[in-house]
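Participant:
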Amino acid sequence: MIDHLAFRLMILDLVKIYREGAFLKLIAIDARIESGVGRDEWMAKKLLDNIGQDPLLALLGNLHTLKKVQWNISMTKKSPFVAEILASQRYNIKTYPQIWLDKTCNTRNRFIASDEVVAIGIINNKLISLLNASEFKMANDIVDEVVLWECD
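Here the sequence shown is numbered in the working numbering, starting from 4 and rising by one per residue.
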């Protein structure tokens, strides 16, 4: 279970939106994973089970938002993340990982489009560097935008 102040505030906001009459359906896609099924494959399946006419908002960890990863050759059998699974099936998905430059503060945020030069450095340094994967030269195929949290 994740317990974080920002997560609690988001839940309170969602409850308020729901009580004000907005249609909102919440599902847990990372629960009751079937035996023998990979976590990202399971989460993608749960999302696909809930696709309908209305837009769908999925709150995922940053690595799960990567639409493509160029795994190093030594990684002979690495499973794709949720976004890559859905993108490979031609679903129209948009991904916005959140990156904190300094985790001691989160007072200001800004969107950085994937075609901005600074985006690829952030993606490579803050996400791809966590994996046994090759760095990217462009971020367009990886994410749509980055939400960058900075200190004032």
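Positions of the beta carbon are idealized from the N, C-alpha and C atoms, including for glycine.
The model shown is predicted, which means the values in this text are computed figures rather than measured ones.
Would you say K48 reaches chain C, if we count a Cβ-Cβ gap shorter than 8 Å as a contact?
Facilitator: The displayed structure is made up of one protein chain only, and chain C is not part of it.
Participant: Just the C-alpha distance for I33 and D144, rounded to the nearest angstrom, thanks.
Facilitator: Rather than Ile, the amino acid found at residue 33 in this sequence is Asp. Those two C-alpha atoms are separated by around 25 Å.
Participant: Looking at the secondary structure, which residues open and close the beta strand (DSSP E) in which F10 lies?
Facilitator: Run containing F10: none in the beta strand (DSSP E); it sits in the alpha helix (DSSP H), 8–22.
Participant: Report the CB separation of D43 from S82 in whole angstroms; it is logged as a contact under 8 Å.
Facilitator: About 6 Å; that satisfies the 8 Å criterion.
Participant: Could you tell me the distance, in whole angstroms, from the CA atom of P100 to the CA atom of A25?
Facilitator: Taking the straight line from one Cα to the other gives about 25 Å.
Participant: From which residue to which residue does the alpha helix (DSSP H) around E119 run?
Facilitator: E119 -> no alpha helix (DSSP H), and no H or E assigned at all.
Participant: Can you tell me whether N65 is buried or exposed, with buried defined as 16 or more other CB within 10 angstroms of its CB?
Facilitator: The residue is buried, with at least 16 neighbouring Cβ atoms inside 10 Å.
Participant: Between the Cα of A142 and the Cα atoms of K70, I123, L134, S77, which residue gives the shortest distance?
Facilitator: The shortest Cα separation from A142 among K70, I123, L134, S77 belongs to I123.
Participant: Could you check whether K129 and I96 sit closer than 8 Å to each other, using their CB atoms as the reference points?
Facilitator: Taking 8 Å as the Cβ cut-off, I96 and K129 do not qualify as a contacting pair.
Participant: Can you tell me the Cα-Cα spacing of S38 and I76, whole angstroms?
Facilitator: Using only the alpha carbons, I get a separation of about 28 Å.
Participant: Please classify L62: does DSSP put it in a helix, a strand, or coil?
Facilitator: It is coil, neither helix nor strand.
Participant: For I115, name the three-state secondary structure that DSSP assigns.
Facilitator: Of the three classes helix, strand and coil, the one that applies to I115 here is strand, per DSSP.
Participant: Bridge partners of A136, per DSSP?
Facilitator: Looking at the DSSP assignment, A136 forms a beta bridge with W74.
Participant: Could you name the residues of the same chain whose beta carbon sits closer than 6 Å to that of E138, not counting the 5 residues immediately before and after it, in chain order?
Facilitator: Taken in chain order, the residues that qualify are N127, I131.
Participant: So if DSSP puts W103 in a beta bridge, which residue, or which two residues, is it bridged to?
Facilitator: BP columns for W103 point to W152.
Participant: Which value, in whole angstroms, describes the spacing of the CA atoms of L134 and R35?
Facilitator: Computed Cα separation, rounded: 26 Å.
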